[in-house]
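Student: Residue numbers (the numbering used here), protein chains in the order written: chain A, 39 to 345; chain B, 39 to 345.
There are 2 protein chains.
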Amino acid sequence: MTDAAPAVGARFLEFAARHRPAVEAELERLIPSAEVEPRALHAAMRHAMFPGGKRLRPVLALLAAEATGGDPRAALRPAAALELVHTYSLVHDDLPCMDDDALRRGRPTCHVAFGEANALLAGDALLTLAFEAVAEGGASAVKALAAAAGSLGMVGGQVGDLEAEGLGGDLTLERLEWIHDRKTGALIVASLEVGVFAGGGDPAALDAIRSYGRTIGRAFQVADDILDVTGTAEALGKMPGQDAAHGKSTYPSLLGLDGAMAAADRLAAEAAVLAESACRSGPDGAGLESRVGLLQDLAYHVVARKT
Amino acid sequence: MTDAAPAVGARFLEFAARHRPAVEAELERLIPSAEVEPRALHAAMRHAMFPGGKRLRPVLALLAAEATGGDPRAALRPAAALELVHTYSLVHDDLPCMDDDALRRGRPTCHVAFGEANALLAGDALLTLAFEAVAEGGASAVKALAAAAGSLGMVGGQVGDLEAEGLGGDLTLERLEWIHDRKTGALIVASLEVGVFAGGGDPAALDAIRSYGRTIGRAFQVADDILDVTGTAEALGKMPGQDAAHGKSTYPSLLGLDGAMAAADRLAAEAAVLAESACRSGPDGAGLESRVGLLQDLAYHVVARKT
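Here's what the structure looks like:
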């Protein structure tokens, strides 16, 4: 599904590899040591956070700062807030009253390792800490994150997803998009917004950045659903075929595998066009082409990734 | 225990009664209607929030704005955020993996009425909405609220309290204060801080306001423990004697009932002195005496209240 792409995201991958250590170090600084009281709480927060995954959302925030002419270094702490929100949502999703998952990334989930009450409270504390961190980027960054994570965003999408499971997974494409735009997409858009606000990027780029974010957010989810059909356990770090096994509606189940792949390519191409207008709203200059290329490579990477 | 007080908080009670309708209206505006999707989520959030109690924390925020020469009206939305945080903490505390309570204020708790998953997510959404609301008061207000509500504040105190229950309730006075200063006190101090930041009060008053807040926070908890011994079911809206029945360490169990009453009076008197220095750090003028009186009456009310 990457035939249409001139490259498979090399500039994005290089950017992500270059900035990931700083994100990791910032998360280390933000979460109190497990020697600080209450120790069980801080140990549970750290269990959920380390070792981490790709830290995609913080990298997106730093990338948005760079692409709109701002300074990624100024956005580091607010960028880390995105990972705190993402991780809290995983801890709460794994709880027995939700998905009741015992394993995540091959390790016991937080409530299995620390008990349900500590996992619930560790999630609450991670979410709260996220807002302390994003406040370094100013009140606009706080509002963008809160709106994306709340009842009209991520949490709302989560409730919609639970209700869909109750319906036996027989969804319309419209409803599937409603759920994913909130459950996954809203936080991806907020990552970019926070990066622009906190990094001092050009606010004139915000509308175009949001459209770009909605498009890659949807591409991300379509690619996720495709990977659950075509991926290998080794690459994914989990068993593929889970969606079908649980009778969930997905883009491949509604559009067919070929239809879903075509949709992913179309979304990546759309995002590449939006990348251009997002960067052109910002400052001109020698860096313009490389900034456009960065956002475009992210779009191609999102649909080409194998994990 | 109110013999030492010149009045039992009349100026505070008048202030609270005057501002409570605006707080209520602001909470109504903040939480989406139960007609907005996902309806079950918004209905669960509203079930937890309405009808409410005394809305003490928002009133404290407005009072701190007034006492430090700011404008309570400018602090209204950030003040409402304090009630959102308080309410989320009650929803999560009532969950089966925590206190497993079926009733609150005589009504089914959120998870009894809407199921565990919806209650968990309603709590998450209320906490998230709190940060959207407090952001109207600027980044300093956000940081104050997040620090008070997180792992080194309210959530940390909650974990300490759960651990204390596991120890059979045999606590030292020092540990009891450690728990309560975080579980209850931190959010009371943050209410005052948010009011000063959001209402445009004099920042020079912040240190004194914090000392005052820590003192009334502790007085509040001592009075709560006393009411559980001396209160009536009718006035409290719940059965008294719960602490003793659960073998919990309390101020009366550690200091005796007379000792606890003396401690409450001493804390109220200390707070009255701190009220004076908090207001004198702010602007002078005709209103100074009434501003001091407002904070002092709150201190007397906290230990004199019957509910």
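Heads up, the beta-carbon is just placed ideally off N, CA and C, and yes, glycines get one too. Computed from a predicted model, the values in this text were never measured in an experiment.
Listing by chain order, which chain B residues have their CB less than 8 Å from the CB of K286 of chain A?
Tutor: Going along chain B, no residue has its Cβ under 8 Å from K286 of chain A, so there is no contact; the nearest lies around 17 Å.
Student: For the structure I just gave you, are there three or more beta carbon pairs, one from the stretch 113–125 of chain A and one from the stretch 138–146 of chain A, closer than 8 Å?
Tutor: No: the two stretches stay apart, fewer than three of their Cβ pairs being nearer than 8 Å.
Student: Pull up the DSSP beta-bridge partners for P146 of chain A, would you.
Tutor: Partner(s): A:L141.
Student: Within the same chain, show all residues whose beta-carbon is closer than 7 Å to that of G279 of chain B, passing over the 5 residues directly before and after it, in chain order.
Tutor: Hits under 7 Å: D266.
Student: With 16 as the cutoff for other CB atoms within 10 Å, does T147 of chain B come out buried or exposed?
Tutor: By the 10 Å Cβ count, T147 of chain B comes out buried.
Student: Give a yes or no on whether the C-beta atoms belonging to L225 of chain A and L120 of chain A are separated by under 8 Å.
Tutor: Contact flag set, yes.
Student: Could you check how far apart the C-beta atoms of E154 of chain A and L133 of chain A are, in whole angstroms? I think they sit under 8 Å.
Tutor: E154 of chain A to L133 of chain A, Cβ: 7 Å. Contact.
Student: How close, in whole Å, do the beta carbons of G161 of chain A and L167 of chain B come, if the pair is a contact with beta carbons under 8 Å?
Tutor: Not a contact, Cβ separation roughly 16 Å.
Student: Just to confirm, are F169 of chain A and A184 of chain B a CB contact at a threshold of 8 Å?
Tutor: Closer than 8 Å, so yes.
Student: Could you name the residues of the same chain whose beta carbon sits closer than 8 Å to that of F152 of chain A, not counting the 5 residues immediately before and after it, in chain order?
Tutor: So the list reads A78, A81, A82, H85, A160, once near-sequence residues are dropped.
Student: Using 8 Å as the threshold, is the C-beta distance between R213 of chain A and M192 of chain A below it?
Tutor: Result no, Cβ atoms of R213 of chain A and M192 of chain A do not sit closer than 8 Å.
Student: So T166 of chain B is in the alpha helix (DSSP H); what residue range does that whole segment cover?
Tutor: Counting along the chain, the alpha helix (DSSP H) containing T166 of chain B begins and ends at 154–172.
Student: Report the three-state DSSP secondary structure of I217 of chain A (helix, strand or coil).
Tutor: If DSSP states are grouped into helix, strand and coil, I217 of chain A belongs with the helices.
Student: Would DSSP call A72 of chain A helix, strand or coil?
Tutor: It is coil, neither helix nor strand.
Student: For a test of the three-state rule: what should DSSP assign to S249 of chain A, helix, strand or coil?
Tutor: DSSP places S249 of chain A in helix when its eight states are reduced to three.
Student: Between which residues of its own chain and Y289 of chain B is the CB-CB distance below 6 Å, once the five residues before and five after are set aside?
Tutor: Correct list, in chain order: V260, D263, A298.
Student: By the three-class DSSP mapping on this structure, what secondary structure does S189 of chain B have?
Tutor: In this structure, S189 of chain B counts as coil in the three-state DSSP scheme.
Student: How is the alpha helix (DSSP H) around L292 of chain B delimited, first residue to last?
Tutor: 289–318 is the extent of the alpha helix (DSSP H) around L292 of chain B.
Student: Can you name the start and end residues of the alpha helix (DSSP H) that F235 of chain A belongs to?
Tutor: Counting along the chain, the alpha helix (DSSP H) containing F235 of chain A begins and ends at 224–237.
Student: Taking the CB atoms as reference points, tell me whether P110 of chain B and H57 of chain B lie closer together than 8 Å.
Tutor: In this structure, H57 of chain B lies closer than 8 Å to P110 of chain B by Cβ.
Student: Suppose the cutoff is 7 Å on Cβ atoms and the five residues either side in sequence are ignored; what does the same chain contact list for L312 of chain B look like?
Tutor: A246, S249, Y250, T253.
Student: Against M83 of chain B, what residues of chain A qualify as contacts under a CB-to-CB distance less than 8 Å, listed in chain order?
Tutor: Neighbours of M83 of chain B on chain A, chain order: S189.
Student: Please list the partners that G194 of chain B has in chain A, where partner means a Cβ-to-Cβ separation under 8 Å.
Tutor: Within 8 Å Cβ-Cβ: E75, P76, L79, A163.
Student: Is the Cβ of M87 of chain B closer than 8 Å to any Cβ of chain A?
Tutor: It does not: the Cβ of M87 of chain B has no partner Cβ on chain A nearer than 8 Å.
Student: Name the chain A residues whose beta carbon is nearer than 8 Å to that of G198 of chain B?
Tutor: Neighbours of G198 of chain B on chain A, chain order: E75, P76.
Student: On the three-state DSSP scale, how would you describe T125 of chain A?
Tutor: Looking at T125 of chain A - three-state DSSP - the assignment turns out to be helix.
Student: Of all the options B:A54, B:E215, B:P76, B:Q334, which has the alpha carbon lying nearest to the alpha carbon of G195 of chain A?
Tutor: Of the listed residues, the one whose Cα sits closest to G195 of chain A is B:P76.
Student: Anything in chain A within Cβ reach of K181 of chain B, meaning under 8 Å, just list it in chain order.
Tutor: Near K181 of chain B (Cβ distances below 8 Å), the residues of chain A are E170, A173.
Student: The ligand ATP heavy atoms versus the CB of E170 of chain B: any closer than 7 Å?
Tutor: You won't find the ligand ATP in this model; it holds no ligand whatsoever.
Student: For chain B, is any of its Cβ atoms less than 8 Å away from the one on C148 of chain A?
Tutor: False, the Cβ-Cβ gap to chain B never drops below 8 Å.
Student: Closer than 8 Å, CB to CB, is A43 of chain B near chain A or not?
Tutor: A caution first: A43 of chain B carries a pLDDT of 44, below 50, which makes its placement in the model too unreliable to give a value.
Student: Would a check of beta-carbon distances place T222 of chain B closer than 8 Å to chain A?
Tutor: For T222 of chain B, the answer is no, since every Cβ of chain A falls outside 8 Å of its Cβ.
Student: Give me the Cα-Cα distance between L332 of chain B and A300 of chain B, rounded to the nearest whole angstrom.
Tutor: C-alpha separation (whole angstroms): 23 Å.
Student: Residues in the same chain with beta-carbon distance under 7 Å from L274 of chain B, minus the five sequence neighbours each way, listed in chain order, please.
Tutor: Same-chain partners within the cutoff: L265, T345.
Student: Compile a chain-ordered list of the residues in the stretch 293–312 of chain B whose CB is closer than 8 Å to at least one CB of chain A.
Tutor: Answer set for the stretch 293–312 of chain B: empty.
Student: With a threshold of 6 Å on Cβ separation, who are the neighbours of H218 of chain B within its own chain once the five nearest residues in sequence on each side are excluded?
Tutor: Result list for H218 of chain B: Q259, in chain order.
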